[in-house]
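Working notes for the structure below.
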Amino acid sequence: MGVKKINLLVFTRDYPNGLACTKRVQHLLGYLILKEICINVISYRSKNNQPAIKGSYQGINYLNIGLATDLKLQHIHKVIIYFIQGLSAISNYRKRNYSNILYCTGGISIENILFILWAKILGYKLLFAIEEDYSFFDDKVKMISRFKYWTINRLDILTCHLATAIVVISTNLLNKYSKQGASNLVLIPITAKLNFDNERKEFNNPLRIVYAGTFGDKDGVNHIIEGFELFYSKYKNAQLILIGKSQQQLKYKEKYNNHSNIVFKGYVPDDEFYPLLKYSDVLCMCRTGSGFANAGFPFKLGEYLATGNPVISTKVSDVECYLTSNDAFLIDSDSSQQVCIALEEIVKNPEKAREIGLNGLQKCKEYFSQERNGKILYDLIIKISRGQNS
């Protein structure tokens, strides 16, 4: 049977400006756009500053609906407009005589359930990209956010039932949805673009150590800071740079406000962020040993490895499926002492640290490239467009 033309509608939270999840989508779409696939993106309720409500980014058209709209009773008129816009857009993007596929980042929640059900009614095949297991989520966040994550967890069975296919980011999630009987279940790990300067030969002065993220409980930022302070008590010529903005970040910033060697950069735009990573010396991914941290996979690890710089990484989730101690400084979770020891090893033997960083770069090319993971997604889309099941 011949392959129908494919119409892919991507439904995600932030686009084109966003955090790690947005970058993952953009990397995968960067591969798919080279194929004969019609692609459009709907971004819903983005909290990030977006360049336009409607526009094009890297050749892909996008539409923002409900920008910064809160799902609150006092904003009921905006909420109604938001849902009308979303339902209308899903209808308008549907193409006759095409295989229509809705690619949704994350599972079904209170925010998107009407859109998902409407797409199903219109005949879209539903492809969910699941990157977290919210049954483990226990961060101290606002009540409305906690309710949203609770609905994702409760509606997980519906996500599995309605899905034509599911893409997961870790073995833990693969096992979870396999037990639930999901069909067309595929693991696609993190994806990163190379961000490497082969002219670099020496570390900065002072040594530049970087963390980037949301400062969530799973990120282990407290262990990074405490480990750095232990290291700094012996090696004064070092600086810790923390990138990202959130409520948790503000708490850390207030606590360490008087530490001149700890710099809180806040939100950094892409044109500054990626050069900052490239020209830093040590990059820290120190997720905790919590169930939530182990169920998913650290997005930033790919971007770190893509620089060729030494990376300190905790041995969470599938990290050891891809990396060995030859590729990164692998440490146990929840250990400030091991963060300190890894930093000491790096400054004592910079040549060896550089070699490990370059090995990590090779693993990034092998496992986390846009081409490798884009092809996995492309093959899955072709498969479900033909109506095939695994």
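Position one of the sequence shown corresponds to residue 14 (the working numbering), numbered consecutively onward. In this text, a Cβ means the ideal position worked out from N, Cα and C, and glycines have one as well. All values reported here derive from a predicted model rather than from experimental measurement.
Check, Outcome
"Delimiting residues of the beta strand (DSSP E) encompassing Ile-254", "251-256"
"Contact belief for Val-329 with Ala-341 at Cβ below 8 Å, rounded distance in angstroms", "Not confirmed; about 12 Å, so no contact."
"Buried/exposed call for Glu-316, threshold 16 Cβ in 10 Å", "buried"
"Straight-line Cα distance separating Tyr-57 from Thr-82", "9 Å"
"Close Cβ partners of Phe-312 (< 6 Å) along its chain, the five nearest in sequence each way excluded", "Ala-33 and Ile-203"
"Backbone secondary structure at Tyr-317 - three-state DSSP", "helix"
"Buried versus exposed call for Gln-350 [16 or more other C-beta atoms within 10 Å across all chains shown]", "exposed"
"Option nearest His-272 by Cα separation, candidates Leu-296, Gly-279 and Glu-242", "Glu-242"
"Per DSSP, cross-strand counterpart(s) of Lys-67", "Leu-76"
"Phe-312 in three-state terms, based on DSSP", "coil"
"Beta strand (DSSP E) segments (min. 3 residues) lying fully within the stretch 238-301", "251-256, 275-279 and 295-298"
"Separation of Lys-231 from Ser-303, as counted between CA atoms", "7 Å"
"CA-to-CA distance, Asn-110 to Phe-286, given in whole angstroms", "43 Å"
"Contact belief for Asn-250 with Pro-219 at Cβ below 8 Å, rounded distance in angstroms", "5 Å"
"CB of Asn-208 within 9 Å of CB of Thr-320, strictly", "yes"
"contact_flag[the stretch 387-394, the stretch 355-369] where n(CB pairs < 8 Å) is 3 or more", "no"
"Sub-9 Å separation of Ala-176 and Phe-141 beta-carbons", "yes"
"Residue range of the unbroken beta strand (DSSP E) whose run includes Phe-342", "342-344"
"Beta-carbon proximity check, Tyr-106 vs Ile-55, cutoff 9 Å", "yes"
"Proximity to Gly-309 [Cα-Cα], best of Ile-93, Ile-114, Asn-62 and Leu-200", "Leu-200"
"Bridge partner(s) assigned by DSSP for Arg-37", "The partner list for Arg-37 (beta bridge, DSSP) is empty, contrary to what the question assumes."
"Assigned secondary structure, Ile-129 (DSSP; H/G/I helix, E/B strand, else coil)", "helix"
"9 Å Cβ cutoff met for Lys-296 and Cys-377", "A quick correction: the sequence has Leu, not Lys, at residue 296. The answer is no: Cβ separation not under 9 Å."
"Close-in-space but distant-in-sequence residues of the same chain around Gly-279 (CB under 7 Å, 5 per side omitted)", "Lys-258"
"Cβ-based burial, Asn-322 [other Cβ within 10 Å; buried from 16]", "buried"
"DSSP state of Met-14 mapped onto helix, strand, coil", "Its pLDDT being 44, under 50, Met-14 is placed unreliably by the model, and the measurement read from it follows with that caveat. Note: Met-14 maps to coil in three-state DSSP."
"Nearest residue (CA-CA) to Ile-73, options His-236, Gln-39, Ile-182 and Phe-149", "Gln-39"
"Exposed unless 16 or more other CB atoms sit within 10 angstroms - verdict on Pro-29", "buried"
"Beta-carbon proximity list for Asn-20, same chain, < 6 Å, skipping 5 on both sides", "Cys-51, Lys-108, Tyr-111 and Asn-113"
"Cβ distance (whole Å) where Ile-121 is taken to contact Leu-168 below 8 Å", "4 Å"
"Range of the contiguous alpha helix (DSSP H) that encloses Phe-381", "Taken as a continuous stretch (DSSP letters only), Phe-381 belongs to no alpha helix (DSSP H), as it is neither H nor E."
"Residues of its chain near Gly-387, where Cβ-Cβ distance is below 8 Å and the 5 sequence neighbours each way are ignored", "His-40, Leu-41, Gly-43, Tyr-44, Leu-45 and Thr-204"
"Pick from Cys-117, Arg-221, Gly-31 and Thr-184 that is closest to Pro-64, judged by C-alpha positions", "Gly-31"
"Length-filtered (3 minimum) beta strand (DSSP E) runs lying within the stretch 195-225", "198-200 and 220-225"
"Residues near His-236 by beta carbon distance below 7 Å, same chain, minus five either side", "Cys-299, Asp-347, Ser-348, Ser-349 and Val-352"
"Identity of the residues DSSP links to Ile-179 by a beta bridge", "Phe-141 and Leu-198"
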